[in-house]
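Peer 1: Chains as they are written, first to last, in this note's numbering: chain A, 1199 to 1377; chain B, 1199 to 1377; chain C, 1199 to 1377; chain D, 1199 to 1377; chain E, 1199 to 1377; chain F, 1199 to 1377.
Even glycine gets a Cβ: it sits at the ideal position worked out from N, Cα and C.
Take this structure, written in C-alpha cells, and hold onto it; I'll ask about it next.
There are 6 protein chains.
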Amino acid sequence: MKIKTPKIPALFIGRFQPFHLGHLDALNQVFAQEDYVIIGIGSTEDDYVPGNPFTAGERYQMIEAAIIGRKLGGKIITRESFDILPARNIHHYSLWVKHIESLFPPFGRVYTGSPIVSRLFEENGGHKVVPITKSRHISATEIRQKMQRGEKWESFVPPFVVELIKKWNAAQRIRDIAG
Amino acid sequence: MKIKTPKIPALFIGRFQPFHLGHLDALNQVFAQEDYVIIGIGSTEDDYVPGNPFTAGERYQMIEAAIIGRKLGGKIITRESFDILPARNIHHYSLWVKHIESLFPPFGRVYTGSPIVSRLFEENGGHKVVPITKSRHISATEIRQKMQRGEKWESFVPPFVVELIKKWNAAQRIRDIAG
Amino acid sequence: MKIKTPKIPALFIGRFQPFHLGHLDALNQVFAQEDYVIIGIGSTEDDYVPGNPFTAGERYQMIEAAIIGRKLGGKIITRESFDILPARNIHHYSLWVKHIESLFPPFGRVYTGSPIVSRLFEENGGHKVVPITKSRHISATEIRQKMQRGEKWESFVPPFVVELIKKWNAAQRIRDIAG
Amino acid sequence: MKIKTPKIPALFIGRFQPFHLGHLDALNQVFAQEDYVIIGIGSTEDDYVPGNPFTAGERYQMIEAAIIGRKLGGKIITRESFDILPARNIHHYSLWVKHIESLFPPFGRVYTGSPIVSRLFEENGGHKVVPITKSRHISATEIRQKMQRGEKWESFVPPFVVELIKKWNAAQRIRDIAG
Amino acid sequence: MKIKTPKIPALFIGRFQPFHLGHLDALNQVFAQEDYVIIGIGSTEDDYVPGNPFTAGERYQMIEAAIIGRKLGGKIITRESFDILPARNIHHYSLWVKHIESLFPPFGRVYTGSPIVSRLFEENGGHKVVPITKSRHISATEIRQKMQRGEKWESFVPPFVVELIKKWNAAQRIRDIAG
Amino acid sequence: MKIKTPKIPALFIGRFQPFHLGHLDALNQVFAQEDYVIIGIGSTEDDYVPGNPFTAGERYQMIEAAIIGRKLGGKIITRESFDILPARNIHHYSLWVKHIESLFPPFGRVYTGSPIVSRLFEENGGHKVVPITKSRHISATEIRQKMQRGEKWESFVPPFVVELIKKWNAAQRIRDIAG
Chain A
1199 MKIKTPKIPA LFIGRFQPFH LGHLDALNQV FAQEDYVIIG IGSTEDDYVP GNPFTAGERY
1259 QMIEAAIIGR KLGGKIITRE SFDILPARNI HHYSLWVKHI ESLFPPFGRV YTGSPIVSRL
1319 FEENGGHKVV PITKSRHISA TEIRQKMQRG EKWESFVPPF VVELIKKWNA AQRIRDIAG
Chain B
1199 MKIKTPKIPA LFIGRFQPFH LGHLDALNQV FAQEDYVIIG IGSTEDDYVP GNPFTAGERY
1259 QMIEAAIIGR KLGGKIITRE SFDILPARNI HHYSLWVKHI ESLFPPFGRV YTGSPIVSRL
1319 FEENGGHKVV PITKSRHISA TEIRQKMQRG EKWESFVPPF VVELIKKWNA AQRIRDIAG
Chain C
1199 MKIKTPKIPA LFIGRFQPFH LGHLDALNQV FAQEDYVIIG IGSTEDDYVP GNPFTAGERY
1259 QMIEAAIIGR KLGGKIITRE SFDILPARNI HHYSLWVKHI ESLFPPFGRV YTGSPIVSRL
1319 FEENGGHKVV PITKSRHISA TEIRQKMQRG EKWESFVPPF VVELIKKWNA AQRIRDIAG
Chain D
1199 MKIKTPKIPA LFIGRFQPFH LGHLDALNQV FAQEDYVIIG IGSTEDDYVP GNPFTAGERY
1259 QMIEAAIIGR KLGGKIITRE SFDILPARNI HHYSLWVKHI ESLFPPFGRV YTGSPIVSRL
1319 FEENGGHKVV PITKSRHISA TEIRQKMQRG EKWESFVPPF VVELIKKWNA AQRIRDIAG
Chain E
1199 MKIKTPKIPA LFIGRFQPFH LGHLDALNQV FAQEDYVIIG IGSTEDDYVP GNPFTAGERY
1259 QMIEAAIIGR KLGGKIITRE SFDILPARNI HHYSLWVKHI ESLFPPFGRV YTGSPIVSRL
1319 FEENGGHKVV PITKSRHISA TEIRQKMQRG EKWESFVPPF VVELIKKWNA AQRIRDIAG
Chain F
1199 MKIKTPKIPA LFIGRFQPFH LGHLDALNQV FAQEDYVIIG IGSTEDDYVP GNPFTAGERY
1259 QMIEAAIIGR KLGGKIITRE SFDILPARNI HHYSLWVKHI ESLFPPFGRV YTGSPIVSRL
1319 FEENGGHKVV PITKSRHISA TEIRQKMQRG EKWESFVPPF VVELIKKWNA AQRIRDIAG
C-alpha cells in the first residue's frame, strides 16, 4: 500500500475584507489553471477595526458561500476543489512566507495580484508566482467606505455574500467602528 | 436565489503530535454521528520542541493522509466530509473558545476526550460537548518517547502517517530536539 | 456565616488620553443611576505615542484626582463608589469583551458613548449597554492637538487634572512625541 | 484649590492561585504598618492551567471577599483601605518592575515574602522593600494539589474564599485541567 | 589579573530606513566626542512595510558599509570604534529604555536628534543625553518617497549604501510595497 | 570606488547562561577555522528565571570580557575578530533560522554543538553547519545548580567572567530566583 500522492494545491491568499467580485474574477483565473486551490485568509486576528471589519470565521463563510457550486475556470467548484485556511498576521514580513509554509500543507504555484506578496514569495523559497490580471478594478477599501457612508455596495460583492453581510448587519457594524 | 444553508460542521480539536490510532478511533466515533467535521489543529505555532515536534503543515498532511478515502463511522471519507483548520495557542485559556469561534466558521457539537476542553466549551457559549470514549489508550507523549529512545512506534499510528514520519526523518528530529 | 453579596458594579470604560470634562459629564450620568462603578482604563500599554501620550498609571491618577470627593450623580464620590481597573489592548477585538470579563470582577450594566464598544458588549455575552448622552462635544484628540500646538487646553479638563498634567510637563511631552 | 495629596499606597503583589490564609497573614502584617495598600494581582492572563487555574477576575473576587469588613493589622478593612490592580506577566523580568510602575499609580513601600520580587524592586528604581514574615507555611501549590487529588483543602483558605471556590466548582476544574 | 575596564561606549540609536547622509553627519558629531559608539538599530522586526522597508540585517550592512574605514570626528573608523546592535520595538514606550538597558552592555552618553528619545532617556535612569545638531535636513521618509515615485534619491545616502540599495533592488521593493 | 567586500562572518550561537569554559573551547575551535565570527546571543528577553538568570546585556559583557585580548584558534582576538549580536526567542522554531537571517548581516558557516540547531540551519536555507567537538563536558545547567546550592562553580568559567558574576552578586540572584 502506497500513500496516494495528494494533488499539490495552488495558493491564493488575501484578506477578503470583504470577499468581492474582484476576488471572484481572480479565482476564475486561478481555477482555469488549477484543479485544487488553498484559499488563504490573512490577518485573521484583525477584526472590528476600520480596515478589517470581518472576523476570520465570517470571511471563511463569505468565500465558501461565494464559490461552492459555482462555475469557475470552466468547472463546478466543490469541496474537492479548494481548501480555506486562516493565517494570522505576524507583523514581521521577512518571516511571513516561512510562517505560511509552516502553517499550510505544501503548495505549488502562488496566485496574487499584489506586487509585494509576489516579491515575498519569489524571494523566499523561490516560489513560482503567477500574476492575476485585474479585469476590472474593485477595491475592498472602497466597498467598506460605501458601507460606512450608507451608499450602495451590493453590486460589488457576490449575491450570497450580500446575504451574509446583511444577516450580520455588517454595514452598520462598519459605521459603528467608524463612529 | 437563496443561500444554501451549509451543513453545520461538528468540531474535533487536538494537537496531533503526531496523529495516531487513538485519534483515528475518535474520528470513527465522530463520523458515526456527523456528516461534516472540522478537525481543528491546536498550538499551530509550537513545533521543533519536545512536546510539539511537528509543524502545523505536517500535522495537516498526517490527518489528510490518514482519513481521505478511509471508511470511518460507516462512510467513506472525502473532502466533502471534513475540513482541517489551524489555530494557534493564545496562552490565555479563558479566551480560547472565543478565539476558536472567531477563527472558524460556525460549528455545532464539539467532540473531545479532554475534560478541560470539554469544560471550556461548555462554560463559554454553552457549546454541546460529546465525550469521546477512548477504546484503547494510545498517548502521543508515549509515541514521542518511543521515537526518542529509538524504540518501535510504528504500530501506534496509521500506515500513511508512518510513511510521512519516515519521509520527514522525524524520529531523528525528535532525538535531535532531545539531545 | 454567609458571604456578603457584593454590590454588582457598573462598567464605564475609556482610554482617558487625557481624562476630560466630557468623561466627567459621562460619569455624572453613570453615578445618577449606579452606586458602584468600575472605571476601566483601556490600552494601558500604549503610552508616549501621539494618540496615547499618558501611561496607565498617570491616567489612574487623573481619574482619581478628578472624582474623589466630588459630587457626581447627586452623591459625594468616595473609594466606596468606584474602582479603577487597567486592561491592555489585545488587538483582536472579537475577543475583547471576553478579555475584560476575564480580567475584571463581574459587572452589570455597561455605560459607553462609543457605538462599537456598545455593539461588542451586546454581541458578546448579552451585556446590557446604557448609552451616554454627550452633553457637549469634548474630544481628547482635540485636547492633545491643542497641547501639541501650544494652545489653551486647560478649560477642557477638570482642575485637578490640569495640575497633574502641568506637574508632569505633559504638554511638552506631547510636543516632543510629535517633533 | 489645591489637589489633595493622595495617600501613597504600599504595594503587596502576588498571583493568589488561590488566595489563602498565608496571604491573609501577610496582609495582616502589611495593614499593621500601612493605611492604604495596592494589592497587585500578577500573571493575570494565565488561567485554566495547572499552576494558574483561576482567572484574574476570580482572584479579584477572592481577595475582596476575604478582606472587606475584616480586621487586619488592628483596623477594619474597607474600600478606603485597599485597591486591587491586575498586571499581566510580561515574561521579560528585568522590565517587570518598570511594567508595574507604568501600570499602577505611584506606590511607596513594597511588601513581599519572595526573595526575587524583593531583589527586582530593590535593583530597579530603588524601591524600599519590607520583608513579610511567614508565620506558618501555606503553599498555593499544595492547596492546588490537594484539590486535584480530592483531599481536604478548605482549612487553608479564608471561609468566604471557600464559598467562592465551591460556587465555581473550581476543585473539579483543577482536576479537569490535570486530567 | 584584573579585568580590563572596557571603554564605556556612547549610544546612538535610530531606525535607519535607510541610513543616509544625515545619519553620517550625526555620527561625525558623535565620533568627535567619543572613541567607542554603540549604534543601536531600532524596530528590527519591522520590514517590508512602507515606513520600514529594510530588514535589520540590511540596515546593519548599510551602517557598516558607510562608516568602516571612513574618517568621522577626525579619526578613521574601525571595528574598534563601534558596535552595531539590533533592538526590536516593544510598543510600550515607558518600558523602552529599560528594554535597551537590558539588551545592550552598559553605555554612557546618549546621542540623539529626537526630542522624545531624548526625553525617554532622561526620564528613565537619568541618562545623559547629548543633542545632535542637524546640519542640513535629510529625511528618511522623503528618501523613501523619492524611491517610491521613481525620483532621484542617490545624492542623499552614502555611496556604499547606494550600491547596497541597488544590489537589493530596494527602490523597486518600496514601489512593490506601496503598490 | 567599489564597496569593499566585507569578510563573511561565521556564526556561533548560544544562550550563554553563563558563558563558560566549554563555550571558550568551542570558540577556540571556531577561530582556528575562521577570521571573523558573529557570536549570537539567543533568548535575549529571558532573564531572572531559573534557566536564564542573566540579562542579554550581562551575557554580552561576559563574552567580551572572556575573549578580547585572548589567544583563540592561534590568534589574538580583537574587535576585528568578532561581533556579538542579540536575538530574542520567537517560540516558533520553524521560523527561527529565518528570524536570525532577518536580524543579522549575511553569515557563512554555522558552528554549533547542538543537534537541533544544526538540523534547523541545514533544513532552512541550506546553511553549512560545522559540528563542535566537546573536549570536556561543561554544562551551564550544572553551573547554575552549583550556584544555587552554594557550591564551587568558579573553575568552570573564565576568570574575567568569574569577576563579573561576583560583581553582580549573581550566585545570590540565582538563589533568590529559586527561593
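From this set, A:H1297, A:V1355, A:H1290 and A:F1210, which residue's C-alpha is nearest A:E1232's C-alpha?
Peer 2: With distances taken between Cα atoms, A:E1232 lies closest to A:F1210.
Peer 1: At least one CB of chain F closer than 8 Å to the CB of B:Y1246: is that the case?
Peer 2: Answer yes: the Cβ-Cβ gap between B:Y1246 and chain F drops below 8 Å somewhere.
Peer 1: Taking the Cβ atom as the reference point for each residue, do A:G1306 and B:L1301 lie within a distance shorter than 8 Å?
Peer 2: No; because the gap between Cβ atoms is not below 8 Å, this pair is not in contact.
Peer 1: Starting from D:V1295, trace the alpha helix (DSSP H) both ways and give me its first and last residue.
Peer 2: Note, D:V1295: alpha helix (DSSP H), W1294 to L1301.
Peer 1: Establish whether the CB of C:Y1309 and some CB of chain A are separated by less than 8 Å.
Peer 2: no
Peer 1: Using a Cβ-Cβ distance cut-off of 8 Å, determine whether B:F1217 contacts chain F.
Peer 2: no
Peer 1: According to DSSP, is C:K1205 helix, strand or coil?
Peer 2: Collapsing the DSSP output to three states places C:K1205 in coil.
Peer 1: Assess contact between the stretch 1267–1281 of chain D and the stretch 1271–1282 of chain E, defined as three or more Cβ pairs (one per stretch) separated by less than 8 Å. Is contact present?
Peer 2: no
Peer 1: Just how far apart, CA to CA, sit D:N1322 and E:G1323?
Peer 2: 9 Å
Peer 1: Given that D:L1225 touches chain E, what residues does it touch there, using C-beta distances under 7 Å?
Peer 2: Chain E residues near D:L1225: none, gap ~29 Å exceeds 7 Å.
Peer 1: Chain D partners of E:S1241, CB-CB under 7 Å?
Peer 2: Listed along chain D is no residue with a C-beta nearer than 7 Å to that of E:S1241; the closest approach is about 17 Å.
Peer 1: Would you call the CB atoms of F:A1368 and F:P1251 closer than 8 Å?
Peer 2: yes
Peer 1: I'd like to know if B:P1357 contacts chain D, where contact means its C-beta is closer than 8 Å to some C-beta of that chain.
Peer 2: no
Peer 1: Exposed or buried, what is A:P1357 when buried is set at 16 or more other beta-carbons lying within 10 Å of its beta-carbon?
Peer 2: Counting other Cβ atoms within 10 Å of its Cβ, A:P1357 stays below 16 and is therefore classed as exposed.
Peer 1: Please check if any C-beta of chain F sits within less than 8 Å of the C-beta of E:G1255.
Peer 2: yes
Peer 1: Does B:Y1291 have its Cβ less than 8 Å from a Cβ in chain A?
Peer 2: no
Peer 1: Are the CB atoms of D:I1237 and D:I1288 within a distance shorter than 8 Å?
Peer 2: no
Peer 1: Closest by CA to D:G1311, which one among D:W1294, D:I1341, D:R1373 and D:I1336?
Peer 2: Residue D:I1336 is the option with its Cα nearest to D:G1311.
Peer 1: Taking only three categories from DSSP, how would you classify B:G1238?
Peer 2: If DSSP states are grouped into helix, strand and coil, B:G1238 belongs with the strands.
Peer 1: Quick one: what's got a C-beta closer than 7 Å to B:F1354's C-beta in the same chain, skipping five residues either side?
Peer 2: H1218, L1219, I1336 and I1341
Peer 1: Does the CB of F:L1283 have a neighbour CB from chain E at under 8 Å?
Peer 2: yes
Peer 1: Secondary structure at E:N1226, three-state DSSP: helix, strand or coil?
Peer 2: helix
Peer 1: Rounded C-beta distance between C:S1292 and A:T1253? I'm assuming under 8 Å.
Peer 2: 5 Å
Peer 1: CB-CB under 8 Å to F:Q1227, same chain, minus the five flanking residues each way: which ones, in chain order?
Peer 2: G1271, Y1309, I1330 and T1331
Peer 1: Taking only beta-carbon positions, decide if F:G1377 is within less than 8 Å of chain D.
Peer 2: yes
Peer 1: Compare the C-alpha of C:W1294 against each of C:L1362, C:P1304 and C:F1319 and name the closest.
Peer 2: C:F1319
Peer 1: Quick check on F:M1199 - is its C-beta less than 8 Å from some C-beta in chain A?
Peer 2: Residue confidence for F:M1199 is low, a pLDDT of 46 falling below 50, so the modelled location carries little weight; the figure read from the coordinates is stated next. No - not a single Cβ of chain A is within 8 Å of the one on F:M1199.
Peer 1: Show which residues of chain A have a CB atom less than 7 Å away from the CB atom of B:P1313.
Peer 2: The premise fails here: B:P1313 is roughly 26 Å from chain A at the closest Cβ pair, so nothing lies under 7 Å.
Peer 1: If I follow the unbroken alpha helix (DSSP H) through E:Y1291, where does it start and stop?
Peer 2: Element bounds for E:Y1291: n/a, residue is neither H nor E.
Peer 1: Would you call B:K1296 buried or exposed, if buried means 16 or more other Cβ atoms sit within 10 Å of its Cβ?
Peer 2: buried
Peer 1: Less than 8 Å between C-beta atoms, sequence neighbours within five positions excluded: which residues of the same chain meet that for E:M1199?
Peer 2: Since pLDDT at E:M1199 reaches only 45, below the 50 mark, its modelled position is unreliable, and no value is offered.
Peer 1: Mind checking D:I1265: buried by the 16 CB within 10 Å criterion, or exposed?
Peer 2: The residue in question, D:I1265, is buried, as its Cβ has 16 or more Cβ neighbours within 10 Å.
Peer 1: Between the alpha carbons of F:P1303 and F:I1206, how many angstroms are there, rounded?
Peer 2: If you take the alpha carbons of F:P1303 and F:I1206, they lie about 9 Å apart.
Peer 1: Just the chain A side, please: which residues come within less than 8 Å of E:R1277 by C-beta, in chain order?
Peer 2: Chain A residues near E:R1277: none, gap ~26 Å exceeds 8 Å.
Peer 1: From A:R1286 to A:M1345, what distance separates their C-alpha atoms?
Peer 2: 25 Å
Peer 1: Can you give me, in chain order, the residues of the stretch 1319–1342 of chain D that have a beta carbon less than 7 Å from any beta carbon in chain E?
Peer 2: none
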